[in-house]
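Colleague: In this text, residue positions in the sequence shown follow the numbering used here: the first is 34, and each later residue adds one. Every residue gets a Cβ at the ideal spot worked out from N, C-alpha and C, and that includes glycine. Note that this is a predicted model, so its numbers are computed, not measured.
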Amino acid sequence: ENVMEGLVTVQKMDKGKAYEKSMACLKRVGLEDRVNYYPS
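1. Using a 10 Å radius around the Cβ and a threshold of 16 neighbouring Cβ atoms, would you call A51 buried or exposed?
2. Express the C-alpha separation of K48 and V62 in angstroms, rounding to a whole number.
3. Which value, in whole angstroms, describes the spacing of the CA atoms of V36 and S55?
4. Whole angstroms are fine: how far does the CA of M46 sit from the CA of G39?
5. Any idea what DSSP makes of E55, helix, strand or coil?
Here it is, written out as structure tokens:
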């Protein structure tokens, strides 16, 4: 959700597209397995 926030709020992207783009970014940096973790 934190990764999606800027896409939805600032760029007015719909949540479905923002989720897909966010997951792609997380996968690129090796964090896709931590998608359901809370920030520390």
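Modeller: With the given structure in hand:
1. buried
2. Taking the straight line from one Cα to the other gives about 21 Å.
3. 6 Å
4. When rounded, the distance between both Cα atoms is 9 Å.
5. Strictly speaking, residue 55 in this sequence is Ser, with Glu absent from that position. Helix, per DSSP.
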